[in-house]
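Worksheet for the structure shown next.
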Amino acid sequence: MRIDIIAIHTNIFKGPLSESIIKRAIHKGKVEIHLHNLRDYTHDNYKTVDDYAYGGGAGMVMLCEPIAECIDKLKSERKYDEIIYMTPDGETLKQKTCNQLSLLENIIILCGHYKGVDQRIRDIYITKEISIGDYVLTGGELAAAVLCDSIIRLIPGVLGDESSALSDSFQDNLLAPPVYTRPAEFRGKKVPDILLSGNPKLIDEWRYEQSLEITKKRRPDLLK
Ligand code: ADE
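Just so we're aligned, residue 4 is where the sequence shown starts under this note's numbering, counting upward by one.
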């Protein structure tokens with residue numbers, strides 16, 4: 004999979020994308036991430052990427068031209084399956100969308116800033132608009148890093164234990180059951196006997212029941 008990220012603050016990605024599983028996925032060649040700084044697509048001495056909003060009001064709007072130039076260049080080089088815009092007014096990111104996106108070949112992720120991008124960029128280029136939650140970040144970069152992480156770990160061959168992603172919370176609209184490791188007793192609290200029983204069928208049933216109970220209590224909306 005190839006991910007092209009268009010942003011003003013590309014350095015933000017250096018941390019999240021250079022650690023742990025994502026770093027390994029890149030080394031293994033499972034994913035290529037290409038960062039594009041919007042200021043490299045400007046043609047004035049100030050490398051201007053924003054301007055005042057028509058109609059007035061506080062906050063700047065990201066200019067059409069640098070974004071269009073960058074996306075046009077990328078589109079002339081290969082075909083993209085999705086051009087995603089990170090924005091708090093997009094559809095809220097869910098596991099199902101992560102699963103679908105992880106199967107794609109090439110995607111572009113555009114990060115907004117200030118009051119966001121000129122509406123015409125959204126109308127002309129964007130095929131999907133994603134929010135990572137009902138709160139506003141200073142820019143789309145951290146949201147894009149979250150999206151990348153959630154997608155990349157699902158690419159076949161990225162996680163060591165292939166079944167591990169399938170048992171995550173949300174994969175079957177259930178929250179994950181509690182997990183335990185050694186010691187079998189910690190500060191007087193024991194690991195549930197069934198997990199020590201060695202009976203895989205009973206353990207699976209127990210985990211499913213726990214998942215159901217926790218989901219009923221914390222996220223009944225997932226069971227509808
Ligand atoms: N940009 C700013 N806030 C955001 C959010 N919650 N999700 C996606 N992009 C954003």
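By construction, the Cβ of each residue, glycine as well, lies at the ideal position given by its N, Cα and C atoms.
{"query": "Range covered by the alpha helix (DSSP H) that runs through N109", "result": "Counting along the chain, N109 falls outside any alpha helix (DSSP H), though it belongs to the beta strand (DSSP E) covering 109-114."}
{"query": "Given 8 Å, three or more beta-carbon pairs between the stretch 107-119 and the stretch 72-83", "result": "yes"}
{"query": "C-alpha gap between G160 and K33, whole angstroms", "result": "8 Å"}
{"query": "Pocket of ligand 1 (residues with CB nearer than 7 Å to any heavy atom), chain order", "result": "M89, T90, P91, G93, G115, I133, S134, I135, G136, Y138, V139, L140, G142, G143, A146"}
{"query": "Pair within 8 Å by beta-carbon distance, I15 and I36", "result": "no"}
{"query": "Where L244 sits in the DSSP three-state scheme", "result": "Only positions 4 to 227 of the chain appear in the structure, and residue 244 is not among them; the question remains open."}
{"query": "Helix, strand or coil at G201 [DSSP, three-state]", "result": "coil"}
{"query": "Of the residues L198, Q174, S170, the one placed nearest Y183, counting alpha carbons only", "result": "L198"}
{"query": "Beta-bridge pairing of G142 - partner residues as DSSP gives them", "result": "H116"}
{"query": "Proximity of A168 and L162 at Cβ, strictly below 8 Å", "result": "yes"}
{"query": "Local Cβ density within 10 Å of H39, reported as buried at 16 or more and exposed below that", "result": "buried"}
{"query": "Minimum length 3: unbroken beta strand (DSSP E) runs contained in the stretch 60-101", "result": "63-65, 85-95"}
{"query": "Spatially closest choice to L215 from P181, K193, V64, N202, by CA coordinates", "result": "P181"}
{"query": "K304 in three-state terms, based on DSSP", "result": "The first residue shown for the chain is 4 and the last is 227, placing residue 304 beyond what the model contains."}
{"query": "CB of D121 within 8 Å of CB of L77, strictly", "result": "no"}
{"query": "Residue interval of the beta strand (DSSP E) (run including R5)", "result": "5-10"}
{"query": "I154, buried or exposed, once every other Cβ within 10 Å from all chains shown has been counted against 16", "result": "buried"}
{"query": "Cβ distance (whole Å) where I133 is taken to contact L157 below 8 Å", "result": "About 15 Å; that fails the 8 Å criterion."}
{"query": "Residue from R123, L140, R185 with nearest C-alpha to Y117", "result": "L140"}
{"query": "Inter-residue spacing [alpha-carbon to alpha-carbon] between D175 and K82", "result": "32 Å"}
{"query": "Through-space distance from S170 to H46, alpha-carbon basis", "result": "49 Å"}
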